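Working notes, beginning with the structure itself.
There are 2 protein chains.
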Amino acid sequence: MSESRLVKVVVDAMGGDHAPEAVLVGVDAALAADTNLQIILTGPADVVEAFAKSRDRCRAVTTTEVIGMDEHPAHAVRGKKDSSIVVGCRLVRDGEADAFFSAGSTGACMAAATLVMGRIKGVSRPAIATVIPTAGQPVVLLDVGANADCKPENLVQFGHMGAAYAQIVLGVSAPRVALLNIGEEPTKGSQLAQDAHALMAAQLPGFIGNVEGRDLSAGVADVIVTDGFTGNVALKLLEGLSKTLLGQVKDAMTSSAINKLAAAVLKSSLVNLKERLNPDAYGGAPLLGVAGICIIGHGSSGAVAVSSAMRVAAQAARGGLTDHIASALTPV
Amino acid sequence: MSESRLVKVVVDAMGGDHAPEAVLVGVDAALAADTNLQIILTGPADVVEAFAKSRDRCRAVTTTEVIGMDEHPAHAVRGKKDSSIVVGCRLVRDGEADAFFSAGSTGACMAAATLVMGRIKGVSRPAIATVIPTAGQPVVLLDVGANADCKPENLVQFGHMGAAYAQIVLGVSAPRVALLNIGEEPTKGSQLAQDAHALMAAQLPGFIGNVEGRDLSAGVADVIVTDGFTGNVALKLLEGLSKTLLGQVKDAMTSSAINKLAAAVLKSSLVNLKERLNPDAYGGAPLLGVAGICIIGHGSSGAVAVSSAMRVAAQAARGGLTDHIASALTPV
Numbered sequence: 001m002s003e004s005r006l007v008k009v010v011v012d013a014m015g016g017d018h019a020p021e022a023v024l025v026g027v028d029a030a031l032a033a034d035t036n037l038q039i040i041l042t043g044p045a046d047v048v049e050a051f052a053k054s055r056d057r058c059r060a061v062t063t064t065e066v067i068g069m070d071e072h073p074a075h076a077v078r079g080k081k082d083s084s085i086v087v088g089c090r091l092v093r094d095g096e097a098d099a100f101f102s103a104g105s106t107g108a109c110m111a112a113a114t115l116v117m118g119r120i121k122g123v124s125r126p127a128i129a130t131v132i133p134t135a136g137q138p139v140v141l142l143d144v145g146a147n148a149d150c151k152p153e154n155l156v157q158f159g160h161m162g163a164a165y166a167q168i169v170l171g172v173s174a175p176r177v178a179l180l181n182i183g184e185e186p187t188k189g190s191q192l193a194q195d196a197h198a199l200m201a202a203q204l205p206g207f208i209g210n211v212e213g214r215d216l217s218a219g220v221a222d223v224i225v226t227d228g229f230t231g232n233v234a235l236k237l238l239e240g241l242s243k244t245l246l247g248q249v250k251d252a253m254t255s256s257a258i259n260k261l262a263a264a265v266l267k268s269s270l271v272n273l274k275e276r277l278n279p280d281a282y283g284g285a286p287l288l289g290v291a292g293i294c295i296i297g298h299g300s301s302g303a304v305a306v307s308s309a310m311r312v313a314a315q316a317a318r319g320g321l322t323d324h325i326a327s328a329l330t331p332v
Numbered sequence: 001m002s003e004s005r006l007v008k009v010v011v012d013a014m015g016g017d018h019a020p021e022a023v024l025v026g027v028d029a030a031l032a033a034d035t036n037l038q039i040i041l042t043g044p045a046d047v048v049e050a051f052a053k054s055r056d057r058c059r060a061v062t063t064t065e066v067i068g069m070d071e072h073p074a075h076a077v078r079g080k081k082d083s084s085i086v087v088g089c090r091l092v093r094d095g096e097a098d099a100f101f102s103a104g105s106t107g108a109c110m111a112a113a114t115l116v117m118g119r120i121k122g123v124s125r126p127a128i129a130t131v132i133p134t135a136g137q138p139v140v141l142l143d144v145g146a147n148a149d150c151k152p153e154n155l156v157q158f159g160h161m162g163a164a165y166a167q168i169v170l171g172v173s174a175p176r177v178a179l180l181n182i183g184e185e186p187t188k189g190s191q192l193a194q195d196a197h198a199l200m201a202a203q204l205p206g207f208i209g210n211v212e213g214r215d216l217s218a219g220v221a222d223v224i225v226t227d228g229f230t231g232n233v234a235l236k237l238l239e240g241l242s243k244t245l246l247g248q249v250k251d252a253m254t255s256s257a258i259n260k261l262a263a264a265v266l267k268s269s270l271v272n273l274k275e276r277l278n279p280d281a282y283g284g285a286p287l288l289g290v291a292g293i294c295i296i297g298h299g300s301s302g303a304v305a306v307s308s309a310m311r312v313a314a315q316a317a318r319g320g321l322t323d324h325i326a327s328a329l330t331p332v
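Residue numbers (my numbering), protein chains in the order written: chain A, 1 to 332; chain B, 1 to 332.
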């Protein structure tokens, strides 16, 4: 089966707040979990060479530059052609790797992937997607920040791209695609939302209409489409609120000695819940619409998030995500 | 002190999914809690007359029409001039009441208040605000749905109006006002957000810059301003996620007999938490910018939400909210 196809993922060893340590531990876990995975590590010689040499299925490509989290993305990508991010994207473009992963600057990864790999034919704006855990089936939300201002036709493309991702990475055969809006009726919402609704209804297979903010965590759709401004606010709100609420539950549980005893009994159930809600399990945010697989990790990614991202990258590559998006966007 | 000033609040007896029962129980609670509160109930004779007659400080104004939740707001308001909503707004306009409350159709309340009471001089777009509970000081978020498409100057006005509300209803002497955006820097975000940031920085006292989605539940600002599309998505997401998460915590706690025992010990602490996070305590969403106090309750409002809304309406009236907004918007 597809699981057994050999896949090469190039990994930016210098990406993220906990790099390179967390990245390298994550790479080891990924290599152990998937015996048909090969890793190419980009980064400074002293970080990547000895590590790669002592592992099977791991190769180092040394680079001399690193793009910092605070650098201007496009300037940094144009100026630092020998950075771990730019070289990583180049390896995908040249067919030496099947997918690229970095937990570094989101802006720099987007700029490098778009400039170096290019866009899939027909895509006007690549978008960042994220997978949101719900009580049931997880949901693909996009765009979560690549495009603060969107046109209705961008949102239709986001729908196609998100559906392709849900099919290949989440295994949903016929994804239900919804538009994030502020009412259920087609005539509700901003001008953008109304126009996008009309276009999506006409052009997008699997379109089920509008959903509202409360539906994001309810599992009523497999893919939820919105502009990058609303999507980014929603994503950060979800992350922030989950953390705040679970923190408050924890505070309530440790507010007295007897509460602490009771909480100890519940610990494993609540740890399970926390695990299930942990976005790390879904491994990074794909940049959809570029001509190659590019997965961007949260800056705070730990080893688990890195290894999940490798799994997702391999799955996307084995499933032929890029070709699948290209054919979804080709008018029939 | 101001607590003792006599205030008249007109209440739509027919508003909300649980009307009139929940409304009437809430009115009784409000009358008991504030001995200087008078209530005027609008609604059908058989609902309001006997009730009002048997209470002190309660008067009935009978109406013959009711606006349903699904009616087209502006049509309904224009067509049903003897409805409980339209008559309620008229009583405020005519100075017979200090504030209006309904848990009925949000759209109809907005349309009636705007058409009947009119706008405060200088206000181009009234906005709906809501108070979001956080671990610390609650936050006023606006607009949460009155204006799906906004201009930068609308957002500046929302800032003034939200600050006035925070001062009078939440007792914050110098509210910190922030713009909801997708990055901290002034140059981040959509064109609307960038332009609004520049205007707010130049014109709005207490402006502290951008906040992100994760900050909505973090208490870093007293007032958070956004367009009505983003605000509505954010509000419904907050409501939905709080419910989902607390539901999942409950599920985890009742998943085994021993968990149930432990959960029983924790019950009071968790009920406290749930109460603290319950938006009902902040009583309805004010429509800010109309020339009179108008508080709109959630359709699902129970008696507690209704009585909180009476308290907030009385507080807004005693604090002179409408005049306060008018003077904040007058160029000096």
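Where a beta carbon is used, it is the ideal one built from N, C-alpha and C, also for glycine. These numbers were taken from a predicted model, which means no experiment stands behind them.
1) Does residue 236(B) get closer than 8 Å to chain A when you measure Cβ to Cβ?
2) To the nearest angstrom, report how far apart residue 234(B) and residue 53(B) are at their CA atoms.
3) Taking 8 Å as the threshold (C-beta atoms), are residue 117(B) and residue 285(B) in contact?
4) In the DSSP output, which residue or residues are listed as bridge partners for residue 38(B)?
5) Would you mind reading off the limits of the beta strand (DSSP E) that contains residue 59(B)?
6) For residue 191(B), decide whether its Cβ has a neighbour in chain A, counting only Cβ atoms nearer than 8 Å.
7) Among the residues of its own chain, which have a CB less than 6 Å from the CB of residue 23(B), if the five just before and after it don't count?
8) Check the DSSP bridge columns for residue 65(B) and list the partner residues they point to.
9) For the region 128-139 of chain B, which residues have a beta carbon sitting closer than 7 Å to at least one beta carbon of chain A?
10) In whole angstroms, what separates the C-alpha of residue 17(A) from that of residue 70(A)?
11) May I ask you to report which of helix, strand or coil DSSP gives residue 285(A)?
12) If you draw a straight line from the C-alpha of residue 179(A) to the C-alpha of residue 326(A), how long is it?
13) With DSSP run on the structure shown, which of helix, strand or coil describes residue 182(B)?
14) Just grab the DSSP bridge partners of residue 210(A) for me.
15) Would DSSP call residue 311(A) helix, strand or coil?
16) For the region 123-131 of chain A against the region 143-151 of chain A, are there 3 or more C-beta pairs whose distance is under 8 Å?
17) Which residues of chain A have a Cβ atom closer than 8 Å to the Cβ of residue 265(B), listed in chain order?
18) Could you pull the start and end residues of the alpha helix (DSSP H) that residue 327(A) belongs to?
19) When the Cα atoms are used, what is the spatial distance from residue 239(A) to residue 231(B)?
20) If you count every other CB in all the chains shown that lies within 10 Å of the CB of residue 197(B), and 16 or more means buried, which is it?
21) With a cut-off of 8 Å on the beta carbons, I'd call residue 333(B) and residue 7(B) a contact; round off their distance for me.
22) Tell me, to the nearest whole angstrom, how far the beta carbon of residue 244(B) is from that of residue 135(A); I am working on the premise that it is less than 8 Å.
23) Does any residue of chain E bring its CB to less than 8 Å from the CB of residue 176(B)?
24) Among 222(A), 270(A), 63(A) and 20(A), which has the Cα closest to the Cα of residue 252(B)?
25) Taking beta-carbon pairs under 8 Å, can you tell me which members of the region 291-311 of chain A lie near chain B?
26) Using a Cβ-Cβ cut-off of less than 7 Å, give me the residues of the region 136-165 of chain A that come near chain B, in sequence order.
27) Nearest chain B C-beta to residue 203(A) closer than 8 Å, yes or no?
28) Where does residue 172(B) fall in DSSP's three states?
29) So which residues of chain A does residue 200(B) contact, with C-beta pairs closer than 7 Å?
30) Let me know if residue 92(B) comes out buried or exposed under the rule of 16 or more other beta-carbons within 10 Å of its beta-carbon.
31) What residues in its chain sit with their C-beta under 8 Å from that of residue 212(A), if we drop five residues either side in the sequence?
32) How far does the alpha helix (DSSP H) with residue 130(A) in it extend, from its first residue to its last?
33) How would you label residue 36(B), buried or exposed, when you count the other beta carbons within 10 angstroms and need 16 or more for buried?
34) What residues in its chain sit with their C-beta under 6 Å from that of residue 222(A), if we drop five residues either side in the sequence?
35) Output the distance between the C-alpha atoms of residue 106(A) and residue 301(A), rounded to the nearest integer angstrom.
Result, derived from the coordinates:
1) Interface residue, yes.
2) So the alpha carbons of these two residues sit roughly 43 Å apart.
3) No, the Cβ-Cβ distance between residue 285(B) and residue 117(B) is not below 8 Å.
4) DSSP output for residue 38(B) lists 8(B) as bridge partner(s).
5) Judged by DSSP secondary structure, residue 59(B) falls within the beta strand (DSSP E) whose first and last residues are 58-62.
6) True, the Cβ-Cβ gap to chain A drops below 8 Å.
7) Excluding its 5 nearest sequence neighbours in each direction, residue 23(B) has C-beta neighbours in its own chain below 6 Å: 13 and 306, listed in chain order.
8) Bridge partners of residue 65(B): 83(B).
9) Among the residues of the region 128-139 of chain B, those with a Cβ less than 7 Å away from any Cβ of chain A are 135, in the order of the chain.
10) Whole-angstrom Cα-Cα distance: 12 Å.
11) When secondary structure is reduced to three states using DSSP, residue 285(A) falls in the strand class.
12) Whole-angstrom Cα-Cα distance: 22 Å.
13) Assignment of residue 182(B) by DSSP, reduced to helix, strand and coil, places it in the coil class.
14) According to DSSP, residue 210(A) bridges with 179(A).
15) Judged by DSSP in its simplified three-state form, residue 311(A) adopts helix.
16) Pairwise C-beta distances place the region 123-131 of chain A in contact with the region 143-151 of chain A, as three or more of them are shorter than 8 Å.
17) Those within 8 Å of residue 265(B) in chain A are 258, 259, 261 and 262.
18) In this chain, the alpha helix (DSSP H) harbouring residue 327(A) covers 321-329.
19) For residue 239(A) and residue 231(B), the gap between their C-alpha atoms comes out near 17 Å.
20) By the neighbour-count rule (16 or more Cβ atoms within 10 Å), residue 197(B) is buried.
21) The structure shown does not extend to residue 333(B), since chain B is modelled only from 1 through 332, so no value can be given for it.
22) Sure, about 6 Å apart at Cβ, within 8 Å.
23) No chain E is present in this structure, whose protein chains are A and B.
24) Per the C-alpha coordinates, the member of 222(A), 270(A), 63(A) and 20(A) positioned closest to residue 252(B) is 270(A).
25) None of the residues of the region 291-311 of chain A has a beta carbon lying less than 8 Å from any beta carbon of chain B.
26) From the region 136-165 of chain A, only 145, 148 and 149 have a Cβ closer than 7 Å to chain B.
27) Residue-level contact by beta carbon fails for residue 203(A) and chain B, as no gap is shorter than 8 Å.
28) DSSP places residue 172(B) outside both helix and strand once states are collapsed to three, so it counts as coil.
29) Chain A residues near residue 200(B): none, gap ~17 Å exceeds 7 Å.
30) Residue 92(B) counts as buried, since at least 16 other C-beta atoms from the protein chains shown sit within 10 angstroms of its C-beta.
31) Cβ within range, chain order: 180, 181, 182, 183 and 184.
32) Run containing residue 130(A): none in the alpha helix (DSSP H); it sits in the beta strand (DSSP E), 127-132.
33) That one is exposed.
34) Closer than 6 Å at the Cβ level, and outside the excluded window around residue 222(A), lie 166, 172, 175 and 176.
35) Cα to Cα, the separation comes out at about 12 Å.
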